[in-house]
Structure formats: structure tokens, C-alpha cells
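**Q**
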Amino acid sequence: MPDSPSIHYDKLFRVSLLIRKFEEKIIELYPSDKIQSPVHLSLGQEAVASGICACLTKKDLLFGTYRSHAYYIAKGGKLTEMMAELYGKSTGSNKGKAGSMHLADATVGMMGSSAVVASTIPHAVGAALASRNLNKDQLIVAVFGDGATDEGVYHESINFASLMKLPMLFVCENNGLAVHSSQKDRQSFNISTHANVYGIESEYISDGYNFCKIQKRTSENINLIKSNGRPRLLEIETFRYCEHVGPGEDFNDGYRSSSDFENWKSKDPLVNDKESIAKFIPGIREEIQNAVNFAEKSPWPKTEELLTDII
Amino acid sequence: MEKIMEENSNAIIMGQGVNDFKGIFGTTQGLQEKFGDNRVFDVPLAEEATTGVGIGASLNGLYPIQTHIRADFSLVCMNQIINLASKYRYMFGGIFEVPMLIRLVVGRSWGQGAQHSQSLQSTFSHFPGLTVILPSHPDTILSSYLYAAEKYMNPVISIEHRLMYDLGFAKGVYATKSNPLHSSYIVREGNDVTIVATSIMVLETLRAAEHLSKSAGISCEVIDIHSASHPQRELIIESIRKTKKLIIADTSWKAYGVGAEVCRWVLEKDPTLLIAPAKTIGMAPAPCPTAKSLEDLYYPNLFTLSDDIANIVTGNSNHGIPLPDEKSMADVYKKFKGPF
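Protein sequences appear in the order of chains A and B.
With the first letter of the first sequence counted as 1, position 57 gets the number 57 in the numbering used here; the numbers rise by one all the way through.
For the numbering used here, count along the second sequence from 1 and bump the result up by 311.
1) Do we get a CB-CB distance below 8 Å when we pair residue 402 of chain B with the residues of chain A?
2) I need the DSSP call for residue 32 of chain A, collapsed to helix, strand or coil.
3) State yes or no: is the beta carbon of residue 456 of chain B nearer than 8 Å to at least one beta carbon in chain A?
4) Taking CB distances under 8 Å as the criterion, tell me whether residue 434 of chain B reaches chain A.
5) Mind checking if residue 176 of chain A is an interface residue toward chain B, Cβ cutoff 8 Å exclusive?
6) Using only CA atoms, which one of A:42, A:16, A:56 and A:305 lies nearest to residue 244 of chain A?
7) Quick check on the burial criterion: 16 or more other C-beta atoms within 10 angstroms. Buried or exposed for residue 464 of chain B?
8) Just list the beta strand (DSSP E) runs in the segment 109-168 of chain A, keeping only unbroken ones of 3 residues or longer that don't cross its boundaries, in chain order.
9) Grab the span of the beta strand (DSSP E) containing residue 564 of chain B for me, first residue to last.
10) Where do the ends of the beta strand (DSSP E) carrying residue 454 of chain B lie?
11) Is residue 310 of chain A near the ligand MN, with its Cβ less than 7 Å from a heavy atom?
12) DSSP on residue 327 of chain B, reduced to helix/strand/coil?
13) Is residue 75 of chain A close to chain B? Criterion is C-beta to C-beta, closer than 8 Å.
14) List the residues of chain B whose Cβ lies closer than 7 Å to the Cβ of residue 135 of chain A, in chain order.
15) Using only the alpha-carbon positions, how far apart do residue 432 of chain B and residue 83 of chain A sit?
16) How many angstroms separate the CA atom of residue 586 of chain B from the CA atom of residue 497 of chain B?
17) At what residue ranges does the segment 399-447 of chain B contain a whole run of the alpha helix (DSSP H), taking only runs of 4 or more?
18) Given a threshold of 16 other Cβ atoms within 10 Å of its Cβ, counted over all protein chains shown, does residue 650 of chain B qualify as buried or as exposed?
19) Kindly indicate the opening and closing residues of the beta strand (DSSP E) around residue 375 of chain B.
20) Applying the 10 Å Cβ sphere with the 16-neighbour rule, what's the burial state of residue 175 of chain A?
21) Under 8 Å by Cβ, that's how I've got residue 298 of chain B and residue 466 of chain B pegged, so tell me the actual separation to the nearest angstrom.
22) Put residue 650 of chain B into one of helix, strand or coil per three-state DSSP.
23) For residue 346 of chain B, which option in A:69, A:124, A:133 and A:233 has the closest C-alpha, if you only look at C-alpha atoms?
24) Should residue 89 of chain A and residue 295 of chain A be called a contact, given that it needs their Cβ atoms to be closer than 8 Å?
25) Applying a beta-carbon distance threshold of less than 9 Å, which residues of chain A neighbour residue 357 of chain B?
26) Taking the alpha-carbon positions, what's the residue 525 of chain B to residue 635 of chain B distance?
27) Cutting at 8 Å between CB atoms, please list the residues of its own chain near residue 318 of chain B, excluding the five before and the five after it.
28) Taking Cβ positions only, does residue 372 of chain B come closer than 8 Å to chain A?
29) Which residues of chain B have a Cβ atom closer than 8 Å to the Cβ of residue 102 of chain A, listed in chain order?
30) Going by beta carbon distance, what residues of the same chain come within less than 6 Å of residue 8 of chain A, once the five residues before and after it are set aside?
31) Tell me which same chain residues have a C-beta within less than 7 Å of the C-beta of residue 14 of chain A, skipping the five on either side of it?
32) Three-state secondary structure (DSSP) at residue 278 of chain A?
33) For residue 173 of chain A and residue 509 of chain B, what's the separation of their Cα atoms in angstroms?
34) Is there a C-beta anywhere in chain B that falls below 8 Å from the one on residue 263 of chain A?
35) Quick one: Cα of residue 455 of chain B to Cα of residue 542 of chain B, how far?
36) Name, in chain order, the residues that DSSP records as bridge partners for residue 590 of chain B.
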């Protein structure tokens, strides 16, 4: 609980809770097979998305990952179109061709998310290059997990961004896991200090459930990026509540402990701030139910869609 | 390149060595001086990220032209080209477009070897969403590249052949087409056999056709397929309907290649179109050797090409038609000056 709840806190809390409740609805619907799309749920990681996106406008571009439900919502994507997309309906944000893993809404700057780890990081770098060359007043954000920093293309991309002095923000959501492999089994380096080797200033935030702090630190980092025109990196520790893919929990599978989970949850405002939950839950439930109704009523894509938008 | 840069203020050229003194066989020479280092710049040896940067730049309003001094290096970019660029439009339901041009240079001769000589048209053409061309003439280079930069909203891969940079060509030989990226061209009319060729094999086939015309009165119709991904199938089928014989001469391996693809349409369209077996011509099914003696065996040459054509047209392997005395192709190309 923050010391003095404010409108600012309320706004971030509501977005975070909306993400959580939307994903809990997915879990509820999943056994019905109405959503036939692999879901990589953001449960536990909502605060990172809400904190970051609170500092962005619609024209700022964010490139995410296959675990991007939270960013789609926090960036302002339409809930109705998101649910329809998960259902595979023609009214979905991407006409039912993207599903959960490739959610995108260009009108709010939610760029395409990819199912191949680290693959959109260079796209963010390229968008920043275009933004600079074309004098667009935009901030470009690359979001990725700690697993992505194992990949060569991550290292290639941050080198490129630093070399070309591109004003952009790299955000590493560090949940300590790549599917089931722990960070200590994969990495010989520390993500945030390692970025300094490439001339990229960085900051580490350990309490990734604290959306107010994330919003504040992001805002200050963006100001620094805009003032000196160089990229920066934020590493934010967070916690994946569900299994890598799918609606279940996996604390009995032997690769991580439930005590860490309980410890993290004990600090999670979306669990503990009962007063705020009570305040916002009716409106959120209605919004989510509208999205479900919209998806249910929407038509399937027409046959000709199979061969539309290839080139 | 210069014309694209002049006419399209959003075009940029990014690639290893595009600003050095060699300038990608002269094709980008002096352009950084003319257009500035924001629009023409060298990049780190980081092929996957560079390709991804091109995709992102394209998504946010630039037209990136990327170069790989050898096509083989583009294999390092396969994730970005295949998993991302080719699928961006479709995978997101048509809300994104990735117009960009990726130029790949195929090497040959002087011991280019296994990793400097591969011609990847069938690999890239296999994937929906990519447009793959193999220009064999300045006419099609100019028309295709300008069309790509000004009108086409998809990623284009152009496979250029190194041996052609030093050749002289007559201008204005190729027909003007509304979309050169989806076009094939009849470059020699004939009645006895249709020869569909790619890249430098177009030039080789024209030389063989000229020889056979003079020495045996054989009349070859030669088609430059130009677009490997979107060829003009009807133009090719109509030619076969006339000649009833088919040869495909490609710059790559035959297995799952351009020859196999052309044969597929013919068989699916009308298996009775041909009155003789089809013949596919390509490289030997091995990685490219460096020893000149082996390399000469690895590639088809004017002698083997003329012999193959004569065999198909006469239906007789003891055709008795005099064949050209061909040394290895690289020797010819060093002094070869067209014109076509």
C-alpha cells in the first residue's frame, strides 16, 4: 500500500488490475476451447507494462514479445478487438491472423509482437533510426525478457543503437526464467551493468510490482534520453505467476519454489490493496464482459481472408 | 541506386562497406558524399540485427536498401527475413507493411568456393510474402528497383550476379511492364525449344542459342524468368505451347529449384504440352569447390549447355551438331562485352 493513494496511483492500479482480470478471464474461458491460441500470460508482470506505458503517448512505438497482453492493454489497445483476436474472429485487432502471440494495434503504437525470442529488438532500433532521420517526435521502446538477452541479436541491437546514438529505451522484464531455465544457468553477465559496456546507461529496479516507482523511473529515464539523445536500459525484476505458456500454475513441477511466489504475492498491490480492488472491479468486470460478448458475436474470417494480405 | 536516392527522400542505403572505396562493385560509390551519412552508412558485422533494423526503419517510414556483398551472408539473416519480414503484413492482419530492398551478390570463379557462390532464389521463393528477382540486364535492374522503391509495399530480394557488373549492355532491349517485380521477359524468339533461364544463365543461353542458330539452324526461344517468386506463368506456358519443348537453365542446384517449379506448373496445367522430356540445367549437386579444374566441372558451360539444347531439340544424343570450344566461363567473362 502506498502511503498516500493518489489519482496517479489509481490510474496505474486500474490499468494493472484490468490486465490481471482480463487474463483471469482467459484462464476461465480456456477449457472451453473458445480461445485456440497459445497464451503466454502476463500475470504477475502487469505493473511493468502499466508503469512503462503510462509514460508513452499513442505515437510512441512499443515493440513487445509473445508475452504482450499487458502491453497491448496498457498501451491503449481496444479490449473488444483483443478478445476477438484471441477467439480468432474477423473483428480482431489483426483479423484473427495474429492470435495471442502477435497482438498489435498500430493506431496506439503497439507494434507487432513476435514468437521468436529477441526478434523485435532490432525493429525498435530501426524505428528509432527512422524517427531520428525523419524528425518524428517519438520515443521508441523495446521490451524483452531476460531470456532475450542470451540471444546474439540483442547484443547486436544494443551495439547498433549506441553506435548510432539512437534515442530509445530498452526494457528488460527480468522474471529470471527462459521457459524453465533459470538465469543463473544461462548467463555469465549481469544484464544492466553489461549494457554499460556498450555505452548504454542503465538502471535496475528490483520491485517490479511497484507500478508507481516504475512509472517514475521510466519518466526520468525518458527525460534523460530526450536530453542527451542516447539509448538507455531499464532492467525490472518481475515474477511470472503462471507456467511459460498456458493458463496453469507450475510450482509443483520442481524447477521453482512456491515460497518465492508467496513472498512476491505478499507485496503485490493487485492482491493486497483490497480497497482499490473493490473500487475498480465492477467497471472492469463490465468492460471485460463487453469484450467477451463482442468476441462471441463476431463472425469468423471469410474464406478469402486465407489468401489476403500476403503481399 | 543514385536515381532511387534522388527520387525518394525516405530511401537509405545500409550495408557492410557501402561507403568504402569499392562501393559494392561501384554500385554505391560516392553516394555517401552525395546524400550524407544519415542516408548512406556502413553497419556493424551483425547481419541479423541489421536486417531487423531495416524492418523497423521501414515500419516507421524509411525505405531501406540493404546489401550483402555475398548472398551467402544473408543466411545469417534468415530469422529476420523469413520469420519476420515475409510475414509482417499477413501475421498482423494487414496493418503493417515492410517495403524494403535486400540486394544479394552471387560470386563465381577465382575460387569463390562453397560459401561465396550460392544462389538462393528457390530458398527465398519458397516463402509466401517475399518477392525474389534475378535481374540479368540493366533494363530490368532500373525498372525493378525504381518500381520497388516507389510503388511496391513489400520486401524485395534481388539476387545480382557478380560477373555481370563489368559487362557492357545495350539499353532499352527489354519490354516495359507495369509491375517488373512480377514479370518475365522473352529475350529471344524461336520455335524449336523454350529455354527458361535465370540471372547469368540468360546470357549463357543467349550465347548457346546464337551458336546453335548459326551452326545448325536451331531456333531457341529464350525467356528471362526475372521474377523467381512471381514469374509470368502464362507467358512461359504459351511459349511451351508453341515450341512443345522445355529446358530450364538455372544458377543454382536443381533439387527443389526453379526447374522443378516450372515443371510443376507445366504438369499441373497440361501434361501433354511437351513432346520431349523436359531438361533442367544447374550446378552439380555438391558444395562449390575452389579448384578451378573442379569448378569448371561444377558449373554448366557453353559446351554442355549447347549440347543439352541440341539433344532435346533433335531427340538424339548423337546429334552431330558442332559444339563451341568453350573454356571456363570466368575466362570468357573477363573479356566478354555483350551486347545483348
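We treat Cβ as the ideally placed atom computed from N, Cα and C, and that holds for glycine.
**A** Looking at the atomic coordinates:
1) Indexing the second sequence from 1 puts residue 402 of chain B at position 91. By this cut-off, residue 402 of chain B is an interface position.
2) On the first sequence, residue 32 of chain A is found 32 positions in, with the first residue counted as 1. Helix.
3) For the purposes of this step, residue 456 of chain B is taken as the residue at position 145 of the second sequence. No, its Cβ sits nowhere closer than 8 Å to a Cβ of chain A.
4) Position 123 of the second sequence holds residue 434 of chain B. So, not an interface residue.
5) Residue 176 of chain A sits at position 176 when you count from the first residue of the first sequence. Not closer than 8 Å to any Cβ of chain B, the Cβ of residue 176 of chain A fails to qualify, so no.
6) Within the first sequence, residue 244 of chain A is the residue found at index 244, counting from 1. Nearest C-alpha to residue 244 of chain A: A:42.
7) In the second sequence, the residue the question calls residue 464 of chain B occupies position 153. The residue is exposed, with fewer than 16 neighbouring Cβ atoms inside 10 Å.
8) 140-145
9) Here residue 564 of chain B is taken as the residue at index 253 of the second sequence, counted from 1. 557-564 is the extent of the beta strand (DSSP E) around residue 564 of chain B.
10) As a working mapping, residue 454 of chain B is identified with position 143 in the second sequence. Segment 449-461 is the alpha helix (DSSP H) holding residue 454 of chain B; no beta strand (DSSP E) there.
11) The model on display carries no ligand, and the ligand MN is accordingly not part of it.
12) To locate residue 327 of chain B, count along the second sequence from 1; it is residue 16. Note: residue 327 of chain B maps to coil in three-state DSSP.
13) By 1-based counting over the first sequence, the position of residue 75 of chain A is 75. For residue 75 of chain A, the answer is no, since every Cβ of chain B falls outside 8 Å of its Cβ.
14) Your numbering for residue 135 of chain A matches position 135 in the first sequence. In chain order: nothing, as chain B lies at least about 11 Å away.
15) Taking the first residue of the second sequence as position 1, residue 432 of chain B is located at position 121. Taking the first residue of the first sequence as position 1, residue 83 of chain A is located at position 83. So the two alpha carbons sit approximately 40 Å from each other.
16) Sequence index remark: in the second sequence, residue 586 of chain B carries index 275 (1-based). Sequence index remark: in the second sequence, residue 497 of chain B carries index 186 (1-based). Straight-line Cα distance between these residues: approximately 21 Å.
17) 399-402 and 432-436
18) One-based indexing of the second sequence puts residue 650 of chain B at position 339. Note that residue 650 of chain B has pLDDT 39, beneath the 50 cutoff, so the model's placement of it is unreliable and the number below is only indicative. Its Cβ having fewer than 16 others within 10 Å, residue 650 of chain B is exposed.
19) Along the second sequence, read from residue 1 onward, the residue named residue 375 of chain B stands at position 64. Element bounds for residue 375 of chain B: 374-379.
20) Position 175 of the first sequence, counting from 1, holds the residue named residue 175 of chain A. Per the 10 Å Cβ criterion, buried.
21) Residue 298 of chain B is absent from the model: chain B starts at 312 and stops at 651.
22) Start at 1 with the first residue of the second sequence, and residue 650 of chain B comes out as number 339. With a pLDDT of 39 at residue 650 of chain B, under the threshold of 50, the predicted position of this residue should be treated as unreliable, and no value is reported.
23) Your numbering for residue 346 of chain B matches position 35 in the second sequence. Looking at the Cα atoms, A:133 is the closest of the given residues.
24) Here the question's residue 89 of chain A lines up with position 89 in the first sequence. Here the question's residue 295 of chain A lines up with position 295 in the first sequence. For residue 89 of chain A and residue 295 of chain A, yes; Cβs fall inside 8 Å.
25) In the second sequence, residue 357 of chain B corresponds to position 46, counting from 1. In chain order: 122, 152, 153, 155, 156, 157, 159 and 160.
26) Sequence index remark: in the second sequence, residue 525 of chain B carries index 214 (1-based). Sequence index remark: in the second sequence, residue 635 of chain B carries index 324 (1-based). The alpha-carbon atoms of residue 525 of chain B and residue 635 of chain B are separated by roughly 11 Å.
27) In the second sequence, counting from the first residue as 1, residue 318 of chain B sits at position 7. Once the five neighbours on either side are set aside, the close Cβ partners of residue 318 of chain B are 457, 460 and 461.
28) Numbered from its first residue, the second sequence carries residue 372 of chain B at position 61. Interface residue, yes.
29) Counting from 1 along the first sequence, the entry for residue 102 of chain A is found at position 102. Under the 8 Å cutoff, chain B gives 402 and 403.
30) For this step, residue 8 of chain A is matched to residue 8 along the first sequence. Answer for residue 8 of chain A: no residue qualifies.
31) By 1-based counting over the first sequence, the position of residue 14 of chain A is 14. The answer, listed in chain order, is 280.
32) In the first sequence, residue 278 of chain A corresponds to position 278, counting from 1. In this structure, residue 278 of chain A counts as helix in the three-state DSSP scheme.
33) Reading the first sequence from its first residue, position 173 is the one you call residue 173 of chain A. Reading the second sequence from its first residue, position 198 is the one you call residue 509 of chain B. So the two alpha carbons sit approximately 48 Å from each other.
34) Stepping through the first sequence from its first residue, residue 263 of chain A is reached at position 263. By this cut-off, residue 263 of chain A is not an interface position.
35) Numbered from 1 along the second sequence, position 144 holds the residue referred to as residue 455 of chain B. Numbered from 1 along the second sequence, position 231 holds the residue referred to as residue 542 of chain B. Cα to Cα, residue 455 of chain B sits roughly 13 Å from residue 542 of chain B.
36) Taking the first residue of the second sequence as 1, we reach residue 590 of chain B at position 279. Beta-bridge pairing links residue 590 of chain B to B:558.
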